[in-house]
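What follows is a short report on a single structure.
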Amino acid sequence: MVTQNLEIALRHLRDTEEWISMWIDAICIDQQNVAERSHQVALMGEIYRKAAKTYVWVGPFADDSDEAMEWVDLIGGSINVDWGDEMMKTTDLLEKTKYAPMADASVPYEFEWPWPLLNLCHFTNREYFTRLWVRQEVKLSQNKVLVCGFKQLDWHFFATFARWMAVKPYTCVDKYGVWTQEMEKKYKAGSELVSNICAKLYDGAFLSFDRLRFDNSKLNWKDPRDAIYANLGLLPPEYRQLGIKPDYDKNPAAIFTDVAVRVATKLRSLGFLESYDRSAIELDGLPSWVPDWSSPMRMAANSENIWSASAWISAQVEYVGDGVLTANGVPISEVQRVDRWEDERSYDGQPYMVFDCIRSWCKHVPDNYDEREWFLPGTGLTWLEAWCRLFLYGNLSEVFEAGQETMVHRPDFFSLQEAKELMLIIWKARSFHEIWCLYDPTWQRMERFLSKIGDRMKGRSVFRTVDRDIGVASSSVKAGDMVCMLLVVRCRLF
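According to the numbering used here, the sequence shown holds residues 4 to 497 in order.
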């Protein structure tokens with residue numbers, strides 16, 4: 004059956020002068036035939052790879068989308084992106100023109116009126132960009148054309164624009180009062196959505212089961228099994244050799260368990276436990292150690308770190324059957340107390356909420372705090388440094404390269420000294436009003452600091468152990484849980 008959206012797409016894509024042969028999944032796959040569906044889904048990756056051209060249909064004209072497409076074309080054609088490090092550079096032809104600062108992420112782009120922002124906001128929040136299956140279509144197709152209404156442009160321009168939108172600050176002259184705080188949030192959400200799609204799919208990039216739940220967040224799909232099947236073509240070679248094949252006759256719990264067992268026993272990896280959240284399990288019959296890849300992710304992804312708490316040792320695991328997996332590890336300590344980060348129903352990441360959460364956790368800090376006297380027992384760290392490292396989880400500009408004596412500075416993150424200065428201001432403030440009244444650029448730094456902590460801590464809890472250690476875990480952690488270190492897992496587990 005041809006849906007209304009597909010009919011509209013076909014009327015926009017047809018050529019009035021010559022015949023076009025097209026493969027359309029909604030027509031070519033009988034969704035009601037389980038055997039055919041399983042067989043065809045396994046072939047979709049190869050179909051996209053061999054397609055002469057793929058039309059990325061995002062929908063008909065709406066909300067001045069023609070102007071949005073023109074902006075995408077302008078920006079995408081003005082800069083180049085090195086997807087290895089995601090750095091931007093102005094194209095050679097425009098290097099000495101007024102568009103030269105376009106690629107400079109430190110210089111805000113000034114919109115002289117709000118309408119372009121509104122149009123781009125509506126465009127990047129289209130339903131198409133929230134579909135899980137979009138990633139395979141975009142990643143594997145060699146020649147992609149973005150189509151909106153009767154406008155078309157090269158997908159490469161859109162991917163470049165998406166990166167620009169994610170990192171380029173902007174100012175807006177709004178005499179009409181239409182660029183509201185709500186629209187700013189929507190612009191940011193659309194920016195993150197399209198940027199994540201494009202950044203994860205550049206040549207050489209792959210997904211993995213370790214972070215699949217994070218990568219699937221904010222995307223939509225109907226069948227729980229598609230959380231795995233829609234990503235099979237996006238996995239690296241070692242994962243594709245595990246023998247995972249689409250089978251819509253199997254129930255989701257059996258599929259997820261089978262995937263976890265294959266990864267653990269054949270690749271000797273338990274990295275998928277990093278996205279495990281006991282409170283997010285919604286499927287019946289799922290073993291306690293298997294992630295529910297179909298459930299929404301409450302936590303944000305941790306930043307990649309160069310260190311591993313298990314020293315990169317291979318996992319020593321055995322699946323004994325009946326949902327039981329054994330693994331070598333070391334018990335660390337017992338959780339004594341848990342503090343929730345926020346009430347998920349009302350939390351929206353605003354700076355004052357982050358401030359309140361930090362204050363509630365650090366309320367024991369005295370007004371006459373002296374860093375030289377307050378040390379976290381057994382660590383050599385002061386409480387101030389410990390809290391900064393805990394909240395930012397490695398998002399500090401100073402990190403040591405593995406096996407090297409030199410320190411690598413990352414200017415996009417805070418230095419430890421900056422973090423300590425800002426944390427001390429928070430500790431000593433009597434109310435958020437004192438923070439809000441800080442003069443620029445201190446307030447700008449504080450706002451960015453609170454934003455980073457809020458993003459990092461969402462969906463998580465802070466715990467303390469009987470040995471007085473502090474740490475961060477998913478919201479499902481509770482008093483009495485054991486903190487353990489399993490071989491090959493980079494973080495502590497519960």
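Note that CB positions come from ideal geometry on N, CA and C, so glycine has one too.
Span separating the alpha-carbon of residue i from that of residue j
i	j	result
A267	R301	24 Å
F217	S109	28 Å
K189	K171	16 Å
V475	C487	13 Å
S479	D342	11 Å
Q407	M90	Any answer about Q407 is weak, because its pLDDT of 45 lies below 50 and its placement is not dependable; what the coordinates show is given next. In a straight line, the C-alpha of Q407 is about 25 Å away from that of M90.
N219	Y179	37 Å
I309	E277	Any answer about I309 is weak, because its pLDDT of 49 lies below 50 and its placement is not dependable; what the coordinates show is given next. Rounded to the nearest angstrom, the two C-alpha atoms are 15 Å apart.
F64	R392	48 Å
L238	L143	11 Å
I335	W364	23 Å
V181	N122	12 Å
P299	E21	45 Å
H15	P354	45 Å
A71	W116	14 Å
G483	L289	23 Å
V505	G193	Because the chain in this structure spans residues 4 to 497, residue 505 falls outside the shown range and cannot be described.
E49	A432	59 Å
P119	P444	28 Å
L156	V59	10 Å
D359	M485	28 Å
F209	M25	27 Å
A169	K455	15 Å
Backbone secondary structure at residue i - three-state DSSP
i	result
Y173	strand
E321	strand
E277	helix
N8	helix
I82	strand
E195	helix
R243	helix
E408	With a pLDDT of 46 at E408, under the threshold of 50, the predicted position of this residue should be treated as unreliable, though the coordinate-derived value follows. If DSSP states are grouped into helix, strand and coil, E408 belongs with coil.
E20	coil
P255	helix
R228	coil
R14	helix
V357	helix
V293	coil
M488	strand
R216	helix
K178	coil
V266	helix
I200	helix
R343	strand
S272	coil
C-beta atoms of residue i and residue j nearer than 8 Å
i	j	result
F114	T174	yes
L215	W292	no
I82	W167	yes
L328	V320	yes
L77	V141	no
P249	A29	no
L222	T127	no
A303	K461	yes
T385	G326	no
L387	M449	no
W499	L149	One cannot answer for residue 499 here, as it falls past the ends of the chain, which runs 4 to 497.
G236	Q139	yes
R459	F394	yes
S317	R265	no
K147	T57	yes
Opening and closing residue of the alpha helix (DSSP H) in which residue i lies
i	result
S41	37-53
S479	From DSSP, S479 is part of no alpha helix (DSSP H); its letter is neither H nor E.
R138	137-143
T93	Per DSSP, T93 belongs to no alpha helix (DSSP H); it is in the beta strand (DSSP E), 90-93.
T385	Counting along the chain, T385 falls outside any alpha helix (DSSP H), and DSSP gives it neither H nor E.
F126	118-127
A208	Run containing A208: none; DSSP gives neither H nor E here.
I32	I32 -> no alpha helix (DSSP H), and no H or E assigned at all.
For residue i, the first and last residue of its enclosing beta strand (DSSP E)
i	result
W60	57-62
A330	327-330
L156	154-157
F416	From DSSP, F416 is part of no beta strand (DSSP E); its letter is neither H nor E.
K147	147-151
E113	112-114
If you scan the stretch 420-473 from start to end, which runs of the alpha helix (DSSP H) of 4 or more residues do you find wholly inside it? Contiguous alpha helix (DSSP H) elements confined to the stretch 420-473 occur at 435-439, 445-460, taking only those with 4 or more residues.
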